[in-house]
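Asker:
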Amino acid sequence: MTEKIILLVEDNPDDVELTLRAFRKNNILNRVIIAKDGVEALDFLFGTGVHAGRDIKDLPIVTLLDLKLPKIDGMEVLKKIRQDERTRLLPVVILTSSSEEKDVINGYSLGANSYIRKPVEFSQFVEAIKQLGLYWLIWNEPPPIGK
13 MTEKIILLVE
23 DNPDDVELTL
33 RAFRKNNILN
43 RVIIAKDGVE
53 ALDFLFGTGV
63 HAGRDIKDLP
73 IVTLLDLKLP
83 KIDGMEVLKK
93 IRQDERTRLL
103 PVVILTSSSE
113 EKDVINGYSL
123 GANSYIRKPV
133 EFSQFVEAIK
143 QLGLYWLIWN
153 EPPPIGK
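Okay, here's the thing in structure tokens:
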């Protein structure tokens, strides 16, 4: 892995812009790939569809996954990530507005590395992104995948 890419799987354009603003505000300058639905996320990870021919060894350092997505929902995306040997160890953080206990349980049961509820206030969201960036991009030792 040469570049620490972040895959942001989010269908809401306002939440995409909010997340990108929070990254910039915290000087997180990594390249962010945006997938607007579950199909696009899986196409990026597995080098299919619009991402056919992409070197799939260059996986993201972390995937930020919303749950309520068009075409294929976040839980199904997570399930497919964990079922494939190439992406089984990929760090996946569920970043969602859902506060349903069943979503938390299902997310962890399917192998999510973390579950973060999106804070409503921008200042809290910026702080959450700062901590997320510090942990996943700096402190965490990623698994040896995509080599």
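Residue numbers (my numbering): 13 to 159. Virtual Cβ for every residue (Gly too), placed ideally from N, Cα, C.
1) Can you give me the C-alpha to C-alpha distance between Leu144 and Gly65, rounded to a whole angstrom?
2) State yes or no: is the C-beta of Pro155 within less than 8 Å of the C-beta of Leu101?
3) Kindly indicate the opening and closing residues of the beta strand (DSSP E) around Leu20.
4) How far does the alpha helix (DSSP H) with Val132 in it extend, from its first residue to its last?
5) So the candidates are Tyr147, Trp151, Asn42; which of them puts its Cα closest to the Cα of Leu20?
6) Around the C-beta of Gly61, are 16 or more other C-beta atoms found within 10 angstroms, so that it is buried, or is it exposed?
7) Tell me, which residues are paired with Ala47 by DSSP?
8) Along the chain, which unbroken stretches of the alpha helix (DSSP H) at least 4 residues long are found entirely within the segment 82–116?
9) Starting from Leu76 and walking both ways along the beta strand (DSSP E), at which residues does that stretch end?
Answerer: Concretely, from the data shown:
1) 30 Å
2) yes
3) In the DSSP assignment, Leu20 falls within the unbroken beta strand (DSSP E) covering 18–21.
4) Neither: Val132 is in no alpha helix (DSSP H) and is coded neither H nor E.
5) If we check each option's Cα against that of Leu20, Asn42 comes out closest.
6) exposed
7) Val21
8) 86–95
9) 74–77
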